[in-house]
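Each remark here refers to the structure printed beneath this line.
There are 2 protein chains.
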Amino acid sequence: MRIGELAARAGTTTRTLRYYETRGLLTARRTGNGYRTYDEDDLKLLRQIRTLQDFGFDLEETRPFVECLRAGHPEGDSCPASLVVYRRKLAELDALIEQLTSVRAQVGAQLARAEAAVPGGPEPKCELGGHA
Amino acid sequence: MRIGELAARAGTTTRTLRYYETRGLLTARRTGNGYRTYDEDDLKLLRQIRTLQDFGFDLEETRPFVECLRAGHPEGDSCPASLVVYRRKLAELDALIEQLTSVRAQVGAQLARAEAAVPGGPEPKCELGGHA
DNA sequence: GTAAGCCTTGACGCGGGCGTCAAGGCAAGA
DNA sequence: TCTTGCCTTGACGCCCGCGTCAAGGCTTAC
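Which chain is which? The protein sequence lines are Z and L, in order. Under my numbering, the residue at position 88 of the first sequence is numbered 71, and the numbers go up by one with no gaps. Under my numbering, the residue at position 113 of the second sequence is numbered 96, and the numbers go up by one with no gaps.
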């Protein structure tokens, strides 16, 4: 299949596929007239990339998965290098979630404090009877 | 005080302060030779901006706080417009945390599945002088 | 005098993942 | 033949919060 069809089947754009090619992911064969040609394996590979992207992996992080599939493995995460990326991502996610949770608490506290100080502000969902 | 001292006292750079000025936050008086001059109120204002930035607010979102301080209020969040930003940020944080938590679960599941399929994979955290 | 250390404006760079336009080639249908 | 619709490469734009030069002016110390 050609680039337009592949893009459509993967729910992305031709621009994106060409970009991946410049990055060394998703290489393409060429027909006589210079058109890129892809097969079902390329689609699978592309879907692997897109799934990871949706998870927030950046492109470089998808490379081990791509190489794993290229090496003939059944899944992109059938290789140790991919698992390393998974684990690192989990750690990053945990750290980020923790940080955001902390920020959320601080902003929430600021809001509560400020609402208590602004006359028309409190917008009470209940009687916040403090420990005063 | 001049820009270098203000930057140092706020733990930032002169470049950042000039950037804030182009954005309309943190305006400065000028001395005869064209140097920017700031006072303690400017420092307070700048610290307000920095605190919010640390929380992940983007610059535009700090504007209501800045204007609130400029209007003479004791705190940047002493105005309804600031509270609106707080509330919106809380909603964004909640949505983001929820999404990240979902992604974390999915990635964790993928890792577990892949580890079970890869022979040498599980990689138990033994021998690494852990918390055992 | 001159060197050091502050200040000024202007302008380009960066990172990431593309969007979007430009200018043109190839294939197929009416 | 001409139009339509795909394809090609190249290159600039965008977002955001600055970093990092460049080229020069002011002030103070020696």
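Virtual Cβ for every residue (Gly too), placed ideally from N, Cα, C. Just so we're clear, the structure is a prediction, and the values are computed from it rather than from any experiment.
Taking the Cα positions, E4(L) is about 5 Å away from T10(L). Residue state for T(-5)(L) is assigned as coil, using DSSP reduced to three classes. Of all residues in the stretch 62 to 76 of chain Z, those with a C-beta nearer than 9 Å to a C-beta of chain L are C62, P63, S65, L66, Y69, R70, K72, L73 and L76, reading in chain order.
E23(Z) and T34(Z) have their C-alpha atoms spaced approximately 16 Å apart. The beta carbon of L28(Z) is closer than 7 Å to those of L9, V49 and L52 in its chain, skipping five residues each way along the sequence. For Y69(L), the enclosing alpha helix (DSSP H) starts and ends at P63 to A100.
Within chain Z, no C-beta atom comes nearer than 7 Å to that of V49(L); the closest sits roughly 15 Å away. DSSP places R(-15)(L) outside both helix and strand once states are collapsed to three, so it counts as coil.
A residue is called buried once 16 or more other Cβ atoms fall within 10 Å of its Cβ, and R87(Z) is buried on that count. For the stretch 29 to 48 of chain Z, residues whose beta-carbon sits nearer than 7 Å to a beta-carbon of chain L comprise F38 and G39. Runs of the alpha helix (DSSP H) lying entirely within the stretch -1 to 70 of chain Z, each at least 4 residues long, are 23 to 37 and 42 to 53 in chain order.
Contact annotation: L76(L) and A97(Z) have beta-carbon atoms that are not nearer than 8 Å. When rounded, the separation of the alpha-carbon atoms in R1(L) and R46(L) is 16 Å. Excluding residues up to 5 positions away in sequence, K72 lie with their Cβ nearer than 7 Å to the Cβ of F40(Z) in the same chain. Across the set S61(Z), R12(Z) and Y69(Z), the C-alpha of Y69(Z) shows the shortest separation from the C-alpha of Q36(Z). Within the model, the alpha-carbon separation for A(-7)(L) versus Q82(L) is close to 34 Å.
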